[in-house]
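Novice: Mind having a look at this structure? Questions to follow.
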Amino acid sequence: MHGIVTNWTRVKTSRDEATYQLHLKPRLALLGEVHDSAVFLDRSFRELLTDTIVDRDLFESYDVEFELEGLDEKVEQTVMYEETVANFIDRHCRRAGVYYYFRQARKDDGPQRDTLVVSNTARGYMRALEVPLLPNSGLVSWHEAILTLAVTRALVPQTVRERDHNYRRPDDPLQVESVVAHDDRSVFGSVNRSNEHFHTVDEGQALADARRDELVTRQTRITGTSNVIGMTPGMVVRVTNDTVPEAPYGIVITKLVTTGSRKQSVTNTFEAIPAHLTYRPEYDPAKHWRWIGGTLIGTIESGDDEPYAWMDEHGRYRVKFQFARHSGKRGTNSMPLRLLRTSASFHGGLHIPLLPRTEVRIIATQANCDRLLIAGAVHDYARRDLVHGKEGWYSRTVFRSPLLGNKLRFEDLKGHEGAKLASVFAKSSVSLGYLVDSEKRKRGEGFEVATQGWGTVRATKGLFVSADSFANPDAPHLDMQAAIKELQTALQRVTALVNATAQANATPADKATQAGLMGVLDQLKGAGLLASAPAGIALATPKSIQQAAGENVIVTAGQHADLSVLKRFTVAAGELISLCAHKLGLKLFAAKGRVEIQAQSDAMDLTAAKQVRLASADEDVLVVARKKIVLASGSAALKIEDGTFEFIGPGAFKIKAGTFVFQGPGTVNPLLPTPPKSNLKAPADYSVSH
């Protein structure tokens with residue numbers, strides 16, 4: 001026997017001898033004294049055991065023999081959490097249905113040490129020891145043999161069902177089943193588990209088959225005693241002089257207790273299973289697996305001098321655990337974990353970036369040490385909370401992005417309720433309610449939208465801007481009674497003016513277009529813009545204001561329309577300008593400069609119900625016509641035509657003058673203006689031409 005002495009006791013001493021008691025265990029027992037934690041990434045089962053055993057000074061690579069079938073798939077991440085290395089190896093072997101035993105060196109010229117054999121097939125058994133079955137009757141000379149042999153059949157569950165969920169394939173139903181036996185009265189019931197974590201159906205089926213094989217080996221248990229020296233677990237034993245119906249190919253030893261002394265012969269008590277079955281160690285997740293209660297401490301990891309943390313294509317952060325003792329290359333001593341969120345949908349949910357070196361709390365799904373995720377982040381003294389009592393911010397709810405570029409703040413202090421959404425880019429912000437400055441001093445009430453960049457208000461179905469109060473607190477969104485009432489009043493005024501203008505034979509305003517516009521703006525049936533304010537509306541700029549309409553520009557006032565222009569006032573119409581004053585007349589004054597009125601291509605009428613007066617205060621009144629001039633009143637007339645004066649009248653012709661001089665013919669050639677000819681061409685639609 002080879003191994004390590006783990007306990008040495010001096011039992012008694014005398015003059016003749018000293019008696020000692022010692023515990024001899026395989027070298028693997030020393031790993032039960034090593035408590036460790038580690039993270040393994042992308043490791044197969046064999047690589048996992050090699051990393052934990054062979055990499056230590058206790059074992060060399062040739063000290064471990066693998067006889068594995070399957071188990072080549074690499075596991076993305078595996079955690080050893082504050083447990084002994086021996087327990088870590090044992091629980092992973094049990095879960096995978098892998099047995100291990102120790103083979104003792106027998107050759108004198110070979111290495112004198114034990115070898116660890118790891119296998120999940122019958123090929124891993126030691127073959128084969130052949131001995132007879134000879135019950136102890138006192139008629140033999142203590143030949144090496146099996147002394148007693150008993151077979152026990154036990155009732156076991158019929159079916160093993162495993163189910164799990166893999167977030168990498170959320171639509172893949174991970175449900176597997178393995179049946180111990182059909183139409184067998186020695187099986188009944190089922191084992192249903194959801195706490196054996198697996199990633200694929202194939203992996204889950206392998207686990208279910210391992211649990212099935214475990215139940216099969218529990219069905220038939222063989223016990224006995226022997227005096228065979230050298231019988232060890234993992235060895236196949238064949239009975240040479242008898243048959244065991246349940247084990248036609250022999251039995252394989254699974255447990256062995258050897259006793260003997262100078263007073264008692266060596267005796268083995270053993271347990272075994274039929275050699276044609278593959279032994280699976282017992283695995284109860286609740287008893288053998290590593291479970292984590294509570295939370296773990298970790299920090300977010302990133303590259304050197306990077307402001308943001310690493311994230312993979314699945315949105316997972318790399319976390320370095322506080323329990324991890326081993327240091328290594330950045331990224332190899334941490335593992336990517338999902339972040340627990342308040343909502344998760346396809347490209348939807350809430351994401352708040354985590355920064356490097358942020359302290360986080362880790363929880364385990366179903367308490368499984370291999371199913372970790374980030375539960376949340378916590379502040380420390382180096383990264384203080386943004387809301388604290390020092391500044392009297394106990395009533396504030398604040399969200400500030402990790403790099404402090406954006407902020408959302410809610411203030412719930414009674415009488416000072418308010419909200420603010422702000423971004424440092426272009427110093428853009430939206431403030432609501434009680435408005436304060438950076439020192440929490442009041443600077444206004446209501447709402448404020450501010451930016452040092454560009455601003456846009458866009459509503460594709462229409463926009464209503466109002467300073468009117470709501471009719472009631474539950475008024476609808478488009479409550480515009482006050483605005484529509486003003487438009488209706490304006491339409492009534494226009495109707496009265498249109499009727500009066502038509503009676504005066506002037507061209508009236510287009511009432512139909514105004515009525516149609518009001519119909520479109522009412523409840524924003526069309527994509528219009530309606531602005532209303534009970535105390536007035538003003539637009540001011542040190543530069544220019546432009547109003548443009550593809551159809552009509554309508555201005556209606558209940559009292560006055562005042563236009564004051566310091567330099568020029570220009571009105572141009574493509575067809576007609578109609579001015580009609582119904583009560584106080586029309587005044588057209590030029591304090592300085594010339595007044596010109598022209599009808600460049602047609603006649604001009606000046607008509608008054610009373611006197612028409614033409615006067616020049618300082619110079620002449622000049623009346624010139626290319627063809628003739630007629631002055632007429634009371635059936636009498638003066639006609640000037642072709643250089644001739646013609647007086648026409650039914651009554652007398654009177655001349656009152658101091659003298660009357662007749663000097664013969666003469667001519668006057670006054671300057672006659674030549675009116676320009678204009679030709680208006682309507683521009684093409686800008687949206688079409690551009």
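Its first residue numbered 1, the sequence shown is counted upward by one per residue in our numbering.
Every residue, glycine too, gets a C-beta built ideally from N, C-alpha and C.
Note down, in chain order, each residue of its chain lying with its Cβ closer than 8 angstroms to the Cβ of A29, except the 5 sequence neighbours on either side.
Specialist: Taking the first residue of the sequence shown as 1, we reach residue 29 at position 29. Counting only Cβ-Cβ distances below 8 angstroms, and skipping sequence neighbours, we find G3, I4, T6, A86.
Novice: Give the list of continuous alpha helix (DSSP H) stretches no shorter than 4 residues that lie fully inside the region 435-504.
Specialist: Segments of the alpha helix (DSSP H) lying fully in the region 435-504: 481-503.
Novice: Would you list the one or two residues that DSSP bridges to I363?
Specialist: Taking the first residue of the sequence shown as 1, we reach residue 363 at position 363. Answer by DSSP bridge pairing, in chain order: L373.
Novice: Within the region 132-170, note down every full beta strand (DSSP E) run reaching 3 residues or more, in order along the chain.
Specialist: Correct list: 146-153, 159-164.
Novice: Between the Cα of N368 and the Cα atoms of A309, D304, K287, which residue gives the shortest distance?
Specialist: On the sequence shown, position 368 is the one that residue 368 refers to. Residue K287 is the option with its Cα nearest to N368.
Novice: For H416, tell me which candidate among G405, K442, K427 has the shortest Cα-Cα distance.
Specialist: Counting from one through the sequence shown, the residue named residue 416 turns up at place 416. Measuring from the Cα of H416, the nearest candidate turns out to be K442.
Novice: Check for me: the alpha helix (DSSP H) holding A210 runs from which residue to which?
Specialist: In the sequence shown, the residue the question calls residue 210 occupies position 210. Where A210 is concerned, the enclosing alpha helix (DSSP H) stretches over 201-219.
Novice: What does the alpha-carbon distance come out to for the pair E411 and K525?
Specialist: Residue mapping note: residue 411 aligns to position 411 of the sequence shown, counting from 1. Residue mapping note: residue 525 aligns to position 525 of the sequence shown, counting from 1. Their backbone Cα atoms lie some 38 angstroms apart in a straight line.
Novice: DSSP three-state call for D42: helix, strand or coil?
Specialist: Translated into the one-based positions of the sequence shown, residue 42 becomes position 42. Three-state result, D42: strand.
Novice: Go to Q21, then tell me how far its beta strand (DSSP E) extends in each direction, as first and last residue.
Specialist: Position 21 of the sequence shown, counting from 1, holds the residue named residue 21. 18-25 is the extent of the beta strand (DSSP E) around Q21.
Novice: When the Cα atoms are used, what is the spatial distance from G462 to K583?
Specialist: Counted from its first residue, the sequence shown places residue 462 at position 462. Counted from its first residue, the sequence shown places residue 583 at position 583. Straight-line Cα distance between these residues: approximately 40 angstroms.
Novice: For T513, which three-state DSSP category applies?
Specialist: Stepping through the sequence shown from its first residue, residue 513 is reached at position 513. T513: helix per DSSP, three-state reduction.
Novice: DSSP three-state label for E130, please.
Specialist: Your numbering for residue 130 matches position 130 in the sequence shown. Three-state result, E130: strand.
Novice: Roughly how many whole angstroms lie between the Cα atoms of L563 and S578?
Specialist: On the sequence shown, residue 563 is found 563 positions in, with the first residue counted as 1. On the sequence shown, residue 578 is found 578 positions in, with the first residue counted as 1. Whole-angstrom Cα-Cα distance: 17 angstroms.
Novice: Taking the CB atoms as reference points, tell me whether T556 and V494 lie closer together than 8 angstroms.
Specialist: By 1-based counting over the sequence shown, the position of residue 556 is 556. By 1-based counting over the sequence shown, the position of residue 494 is 494. Yes.
Novice: Note the first and the last residue of the continuous beta strand (DSSP E) segment covering F88.
Specialist: Within the sequence shown, residue 88 is the residue found at index 88, counting from 1. Taken as a continuous stretch (DSSP letters only), F88 belongs to no beta strand (DSSP E), being part of the alpha helix (DSSP H) at 85-96.
Novice: Starting from P336, trace the alpha helix (DSSP H) in both directions and tell me its first and last residue.
Specialist: Within the sequence shown, residue 336 is the residue found at index 336, counting from 1. Taken as a continuous stretch (DSSP letters only), P336 belongs to no alpha helix (DSSP H), being part of the beta strand (DSSP E) at 335-337.
Novice: Could you have a look at L680 and say whether DSSP puts it in helix, strand or coil?
Specialist: Start at 1 with the first residue of the sequence shown, and residue 680 comes out as number 680. DSSP places L680 in coil when its eight states are reduced to three.
Novice: If you pair each beta-carbon of the region 120-139 with each one of the region 176-193, do three or more pairs fall below 8 angstroms?
Specialist: Touching, no.
Novice: Report yes if the C-beta of P534 is less than 7 angstroms from at least one heavy atom of the ligand ZN; otherwise report no.
Specialist: This structure does not include the ligand ZN; it has no bound ligands of any sort.
Novice: Spell out whether any CB of chain D is found under 8 angstroms from the CB atom of N505.
Specialist: The structure shown contains no chain D; it holds only a single protein chain.
Novice: If I follow the unbroken alpha helix (DSSP H) through K287, where does it start and stop?
Specialist: Within the sequence shown, numbered from 1, the residue matching residue 287 stands at position 287. It spans 285-288 - the alpha helix (DSSP H) in which K287 sits, taken as one unbroken run.
Novice: Whether or not the region 333-344 and the region 301-321 are in contact is what I'm after, with contact meaning three or more pairs of Cβ atoms, one per stretch, closer than 8 angstroms; do they touch?
Specialist: Touching, per the Cβ criterion.
Novice: If you draw a straight line from the C-alpha of A483 to the C-alpha of D468, how long is it?
Specialist: As a working mapping, residue 483 is identified with position 483 in the sequence shown. As a working mapping, residue 468 is identified with position 468 in the sequence shown. Answer to the nearest angstrom: the Cα atoms are 8 angstroms apart.
Novice: Roughly how many angstroms separate the alpha carbons of D304 and P356, rounded to a whole number?
Specialist: Position 304 of the sequence shown holds residue 304. Position 356 of the sequence shown holds residue 356. So the two alpha carbons sit approximately 9 angstroms from each other.
Novice: V216: which of H276, Q112, F66 sits nearest, CA to CA?
Specialist: Start at 1 with the first residue of the sequence shown, and residue 216 comes out as number 216. Measuring from the Cα of V216, the nearest candidate turns out to be H276.
Novice: Using 8 angstroms for Cβ pairs, my map puts G453 next to L435. What's the rounded Cβ distance?
Specialist: Mapped onto the sequence shown, residue 453 falls at position 453. Mapped onto the sequence shown, residue 435 falls at position 435. 20 angstroms between Cβ atoms; not a contact.
Novice: Can you tell me where the beta strand (DSSP E) holding Y99 begins and where it ends?
Specialist: One-based indexing of the sequence shown puts residue 99 at position 99. It spans 99-104 - the beta strand (DSSP E) in which Y99 sits, taken as one unbroken run.
Novice: Sort out for me which residues DSSP pairs M235 with in a bridge.
Specialist: Within the sequence shown, numbered from 1, the residue matching residue 235 stands at position 235. According to DSSP, which records beta bridges pairwise, M235 is partnered with M126.
Novice: What are the complete beta strand (DSSP E) segments, minimum 3 residues, inside the region 224-279?
Specialist: Within the region 224-279, the complete beta strand (DSSP E) runs of at least 3 residues are 235-239, 251-259, 267-274.
Novice: Below 6 angstroms CB to CB, which residues in the same chain sit around V228 once its five sequence neighbours on both sides are set aside?
Specialist: Indexing the sequence shown from 1 puts residue 228 at position 228. Once the five neighbours on either side are set aside, the close Cβ partners of V228 are V131, E144.
Novice: Give the DSSP bridge partners of H35, in chain order.
Specialist: Here residue 35 refers to the residue found at position 35 of the sequence shown. Answer by DSSP bridge pairing, in chain order: T84.
Novice: Given this structure, state the Cα-to-Cα distance separating N505 from V457, to the nearest angstrom.
Specialist: Within the sequence shown, the letter at position 505 stands for residue 505. Within the sequence shown, the letter at position 457 stands for residue 457. Between N505 and V457, the C-alpha separation is close to 45 angstroms.
Novice: Nearest to P673 by alpha carbon, out of E439, A625, L530, A533?
Specialist: Against the sequence shown, residue 673 aligns to sequence position 673. P673 has its Cα closest to that of A625, out of E439, A625, L530, A533.
Novice: Within 8 angstroms, do at least three Cβ pairs link the region 231-245 to the region 201-211?
Specialist: The region 201-211, when compared against the region 231-245, does not touch it at the 8 angstroms Cβ threshold.
Novice: Given that a residue counts as buried once 16 or more other Cβ atoms are within 10 Å of its Cβ, and exposed if not, what is Y99?
Specialist: Walking along the sequence shown from the start, residue 99 turns up at place 99. Per the 10 Å Cβ criterion, buried.
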